[in-house]
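Chemist: Below you'll find the structure I mean.
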Amino acid sequence: MQPAEKTDVGPQRVVDLRSDTVTKPTPGMREAMARAEVGDDVFGEDPSVNELQERCAELLGHEAGLFVPSGSMGNEIAIAVHTQPGDEVICEADSHVVHFELSAMAALAGVLPRVLPSERGFLTREQVQGAVRPPVYYLARTGLIVLENTHNMKGGTIHPPEEARKIVEFARERGIPVHLDGARIFNAAVALGVPVKELTQDFDSVMFCFSKGLGAPVGSMLVGSREFIEEARVVRKRLGGGMRQVGILAAACRYALEHHVERLQEDHEHARMLAQALQELPGVRVVEPETNIVICTLTKMKAAEFTRRLEEKGVRALAISERTVRMVTHLDVGREDIERAIETIREVLA
Ligand code: TLP
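Numbering follows the working numbering, with no gaps: position 278 of the sequence shown is 280.
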């Protein structure tokens, strides 16, 4: 494993816990990028991209893969390919596709999210079953089900695999495709100690991100059947997402797959340390983290005030609602950084 690069700003190192998207490429990753063989990927001629797509498809148990610039684009391409305008898409109410993709499914695919609430970020088979429309011509068609694993806004929670399987089984019976927003699926696989394929192979399509816990600067992967990926390539181009000599980025992603998967355990350990310390402080409620995301609720201070005061002391966290704060551990945060964050939080809340 390469040492994390420092993100020094001013005299003191900043501990940036706003997201695992903030990591910078390590020296080893940069070397791999510099060495990458490239070609024009719109012509399908970038060897590094082709290799990465094949490798990821195999790893996730699917026929083919498509390298996309962002997780959002991967999700939205999948939604557009699986559905027809006027369809409904069943989603968990706090999922990324509902909150943070700027209604793209409505704007781009012409579909309506049908949101279902949940405690921990997972839908149940019964819930989904109750929300699927019967095949009557005057009702909207349920065109797709989207699940999110790990679930970001619920605190990096892991979808219990057997529950996810039940939903997929039901969807199969009804002929409804299921897409997995697996932006952080490697965190789930490492935390459960299972090959990632076990969590991905049953879905019709899966998107995961290299630019989160895996520490690459850019890039996400969409996998599915050969036919699905052919259509996805068309939609990617239509959205302006056709990339040229992008093997430089594919090399960073390949490097991330080889060097930054097992180490996710460290991020999970750091998240636990952070949560444990927070638990002991007055005015904070925190749920035991399952992976690398810590979400806490403040009872005595507003989240914006809390993050502003932390920032003054060189620690960054994200206020996600009036009273809720998110902290995400990642490659560029070491044990000492976590200790410093804990100390700083104690000072701010004192
Ligand atoms: N999440 C970002 C923000 O957009 C909230 C973050 O900092 O966590 N699915 C999930 C579950 C995600 O968490 C994200 C990004 C995406 C999709 C989209 O990925 P990008 O940012 O590459 O479009």
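Beta carbons are placed, not taken as given, at the ideal position from N, Cα and C, and that holds for glycine.
Does the segment 104-121 come close enough to the segment 76-92 to have 3 or more Cβ pairs within less than 8 Å?
Modeler: Segments in contact, yes.
Chemist: Taking the beta strand (DSSP E) that A66 falls in, what are its first and last residues?
Modeler: Unbroken beta strand (DSSP E) run through A66: 66-70.
Chemist: Three or more C-beta pairs closer than 8 Å, one from the segment 89-104 and one from the segment 119-139: is that the case here?
Modeler: Segments in contact, yes.
Chemist: Use the C-beta contact count for E150: other C-beta atoms within 10 angstroms, 16 or more gives buried, fewer gives exposed.
Modeler: Result: buried.
Chemist: According to DSSP, which residues form a beta bridge with A321?
Modeler: DSSP output for A321 lists V327 as bridge partner(s).
Chemist: In the DSSP assignment, find the alpha helix (DSSP H) that holds I169 and state where it starts and stops.
Modeler: 163-176 is the span of the alpha helix (DSSP H), which, as asked, contains I169.
Chemist: Among the residues of its own chain, which have a CB less than 8 Å from the CB of P163, if the five just before and after it don't count?
Modeler: Hits under 8 Å: L194, V196, E200, L201.
Chemist: Should T25 be counted as a contact of the ligand TLP given a C-beta to heavy atom distance under 7 Å?
Modeler: Result no, Cβ not under 7 Å from the ligand TLP.
Chemist: Tell me which same chain residues have a C-beta within less than 8 Å of the C-beta of M3, skipping the five on either side of it?
Modeler: Unreliable positioning characterises M3 in this predicted model, as indicated by a pLDDT of 42, which lies under 50. A coordinate reading is not provided.
Chemist: Quick check: does the Cβ of N294 come within less than 7 Å of any heavy atom belonging to the ligand TLP?
Modeler: N294 Cβ: outside cutoff for every heavy atom of the ligand TLP.
Chemist: Within its chain, find whatever has a CB closer than 6 Å to the CB of V208; leave out the 5 residues flanking it on each side and keep chain order.
Modeler: So the list reads L62, L182, G184, T202, V225, once near-sequence residues are dropped.
Chemist: Go ahead and pull the three-state DSSP assignment for E345.
Modeler: Three-state DSSP puts E345 in a helix.
Chemist: Closer than 7 Å to a non-hydrogen atom of the ligand TLP - does that hold for the CB of S120?
Modeler: No; taking the cut-off as 7 Å, the Cβ of S120 has no heavy atom of the ligand TLP nearer than that.
Chemist: Just to confirm, is the Cβ distance from T23 to S213 under 8 Å?
Modeler: Yes, these two residues count as a Cβ contact at 8 Å.
Chemist: Check whether the Cβ of E78 lies closer than 7 Å to any heavy atom of the ligand TLP, and answer yes or no.
Modeler: Answer for E78: no, Cβ out of range of the ligand TLP.
Chemist: Starting from the Cα of Y140, find the closest Cα among R328, G88, R256, R122 and give me that residue.
Modeler: The option with the nearest alpha carbon to Y140 is G88.
Chemist: Locate the beta strand (DSSP E) running through M223, then write down its first and last residues.
Modeler: From DSSP, the beta strand (DSSP E) with M223 extends over 222-226.
Chemist: Under the rule that 16 or more other beta-carbon atoms within 10 Å means buried, what is F102, buried or exposed?
Modeler: The residue is exposed, with fewer than 16 neighbouring Cβ atoms inside 10 Å.
Chemist: Taking 7 Å as the cut-off, does the CB of H341 come closer than this to any heavy atom belonging to the ligand TLP?
Modeler: Checking the sequence, you will find Glu at residue 341 rather than His. Answer for E341: no, Cβ out of range of the ligand TLP.
Chemist: Select from S21, P119, D339 the residue whose C-alpha is nearest the C-alpha of M275.
Modeler: Selected option, being the one with the closest Cα: D339.
Chemist: What first and last residue would you give for the beta strand (DSSP E) that runs through P115?
Modeler: Per DSSP, P115 belongs to the beta strand (DSSP E) from 114-118.
Chemist: Quick one, which of K156, G158, N154, V148 has its alpha-carbon nearest A166's?
Modeler: The shortest Cα separation from A166 among K156, G158, N154, V148 belongs to V148.
Chemist: D43 by DSSP, collapsed to three states: which one?
Modeler: Looking at D43 - three-state DSSP - the assignment turns out to be helix.
Chemist: Can you tell me whether A36 is buried or exposed, with buried defined as 16 or more other CB within 10 angstroms of its CB?
Modeler: By the neighbour-count rule (16 or more Cβ atoms within 10 Å), A36 is not buried but exposed.
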